[in-house]
Structure formats: structure tokens, C-alpha cells
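Counted the way mature numbering (1 follows the signal peptide of the UniProt record, and there is no 0) counts, the sequence shown spans residues -19 to -1, 1 to 243.
Note that the Cβ used here is the ideal one computed from N, Cα and C, for glycine as well.
Please read the structure below before turning to the comments.
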Amino acid sequence: MKVMWRSAAMLSLLNRARAAVTMPKAQLSTDSTLKTLPFVKEQSDHHSASKSSDKDAFDKQRHEIGKHVSGRAKVDILLKTLSGLDDSKEAVYGSLDAWVAWEQKFPTVLLKNALIDLEKEHQWHKIIQVIKWMLSKGQGNTLGTYEQLIVALDMDHRAEEAHMFWVKKIGNDLHSVSWQLCKCMMGIYYRNNMLEHLIKLFKGLEAFNRNPPEKQIVRKVANAYEMLGMLEEKDHVLEKYNHLFVKSKKKKKPVIVACPGK
């Protein structure tokens, strides 16, 4: 409805602009053409300014209406719209474009709330589409958003795509990526039998002197070595991080929150 309204408004402005600069030939004689050109130019400039003014007024009215709708209501409207769509990229992106057009600033917080609700409903495919749309707008370029995307890709049975995204956006910055995010990616590799990638990631972290903070990570790496028939490497990693398996009553080891789908 919003897209149709905007299209109709812009078409009306375009027709008015065309009418303003178009004059019947009968009214223009050869002798008077040069005399009337300044007037025609003045009229054209006037209507161009009017067209711009009308568009600004339309945008202002649209934004004013948006101010009177609560954030929760906006999120609900988006969720209801998305739930009624098929999974085509064109349909979802078009609806998101129409929804965000009512905001003066990109509604990052509202979209994060919408993504949380979609996660609760296990709408992984829609989550992927929303995040990819955000990224296409130059928004949401944070590690938190990246984690949401790779988790959704894994849950949508697209582990290979999650791996490609990791390599492109995250894997080249292993000296600063959180262990939580690394553990999440290792879990994806482990569940999807992508064991070589798991070991490569672990070694990459070790290269930056980043040792695993908990034994669950070491277990996955050791199991990966075993399944690949690399028993010496398995024994080596277990011996190297044996201290993580020794229970201590004096100090509890920090626990990293696992990503969904573990």
C-alpha cells in the first residue's frame, strides 16, 4: 500500500511537471518563440522547485505519521508483513524497503528486536534475508550481527555458506574475534563434519597465542583429530591443555555462552 501510494504521488508530480513545460504549438508563432523562451524557462524552474517541494512535503508527512507509531507496533507490523510473504528475495526486500521508508534514521534497534522475535519462532530463512538486506544497505556490520547470520545459516542447513561468510568477513581478524564467536563457528564445523576447517581455525587462533579458555573447545579439536586419523595430534592437544581438565575447587573457569543449535 505504501509503495503504491508513493508511486502514485510521484507519477502525479511527474505529470504536472510535464504539463508545465509543454505548450500547444498553436500558441507559439515563429516570431514570438524567442520572446517566450525566458518565460518557459521560468515556468519550468518554478515547477521543478514545486515538484521538489511536494516531495519534501510528502516525506515530511510520512515521517510525522511514523513518529506517532510506537516501536513495538512497528516491529509487529514488520513481523506480520514478513509472515505473509513467500521466501523470495524480491518480496522480502521490497517489504523491508517500504517499511524502513517511514523512518528518518535507519531503525537498527527495531530491526534487532524483530530479529530476536524471529529467532524465538525459528524463522531462520527470514532472519538470513533481513540481515543480508541490512548489510546491503551498509548497516549492521557488527560481530553480533555476523554471529546471528552464521547461526541462522547453520540452522537453515547452509553450513557451507556460513563458512564462506566467515572466511570473507571474520576469519581474517582472528587476533580480536571473541572466543564466543570462534566457539560458535567451531560448533558449526563440528556438527557439519567440516573437521579440517575446525582444526584450521583452532590453529589460527593458537598462532596469535590465543589459547582455548575451556575444555569443551579442546574436546572438539581432539575429537576432530581422532576422526581424521591424526592420533598424535590428538594426544598433543590433550596434553598441552590438560590443565583445563583438572578440576579446581579454588577457581571456576569462565564459561562461554554457546550459540543456538549446539
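Anticipated Cβ contact below 8 angstroms, residue i with residue j, distance rounded
i: Asn122; j: Leu116; result: 7 angstroms
i: Glu100; j: Cys240; result: Not quite, the Cβ-Cβ distance comes to about 11 angstroms (not below 8 angstroms), so this is no contact.
i: Leu225; j: Ala205; result: With 8 angstroms as the limit, Leu225 and Ala205 do not qualify as a contact, their Cβ atoms being about 17 angstroms apart.
i: Leu59; j: Trp83; result: So it is not a contact: roughly 11 angstroms between Cβ atoms.
Contact under 8 angstroms by Cβ, residue i with residue j
i: Glu207; j: Lys196; result: no
i: Phe183; j: Val202; result: yes
i: Tyr170; j: Trp114; result: no
i: Leu63; j: Ser76; result: yes
i: His144; j: His178; result: yes
i: Tyr222; j: Pro193; result: yes
i: residue 319; j: Val199; result: For residue 319 there is no data in the structure shown, the boundaries of the chain being -19 and 243.
i: Leu91; j: Val111; result: no
Reference residue i, options the options, closest by Cα
i: Ile180; options: Asn190, His103, Met167 and Arg53; result: Met167
i: Ala133; options: Leu225, Val81, Asn192 and Ile109; result: Ile109
i: Arg53; options: Gly65, His106 and Leu96; result: Leu96
i: Thr126; options: Ala140, Glu102, Leu155 and Leu162; result: Leu162
i: Asn94; options: Val56, Asn223 and Gly152; result: Val56
i: His103; options: Asp68, Asp137 and Pro194; result: Asp137
i: Ala140; options: Arg172, His156, Lys164 and Ile112; result: Arg172
i: Arg191; options: His156, Leu219, Glu213 and Leu212; result: His156
i: Phe87; options: Val111, Gln120 and Leu66; result: Gln120
i: Thr89; options: Gly65, Lys118 and Leu66; result: Lys118
i: Leu186; options: Gly152, Ala72, Gly65 and Phe146; result: Gly152
i: Ala188; options: Asn174, Asp154, Leu124 and Phe146; result: Asp154
i: Leu124; options: Lys150, Glu142 and Asp135; result: Lys150
i: Asp98; options: Gln85, Lys70 and Lys61; result: Lys61
As assigned by DSSP and simplified to three states, the class of residue i
i: Ala82; result: coil
i: Pro5; result: Residue placement at Pro5 cannot be trusted, given a pLDDT of 42 that sits under 50; what the coordinates show is reported in the next sentence. Correct three-state label for Pro5: coil.
i: Cys240; result: coil
i: Gln161; result: helix
i: Arg53; result: helix
i: Ser64; result: helix
i: Val218; result: helix
i: Ser76; result: helix
i: Phe189; result: coil
i: Gly210; result: coil
i: Asp137; result: coil
i: Lys101; result: helix
i: Glu195; result: coil
i: Lys113; result: helix
i: Met145; result: helix
i: Gly121; result: coil
i: Val90; result: helix
i: His224; result: helix
i: Leu176; result: helix
i: His156; result: coil
i: Thr11; result: Because the pLDDT at Thr11 is just 38, under 50, the model does not fix this residue reliably, and the value given afterwards should be weighed accordingly. Three-state result, Thr11: coil.
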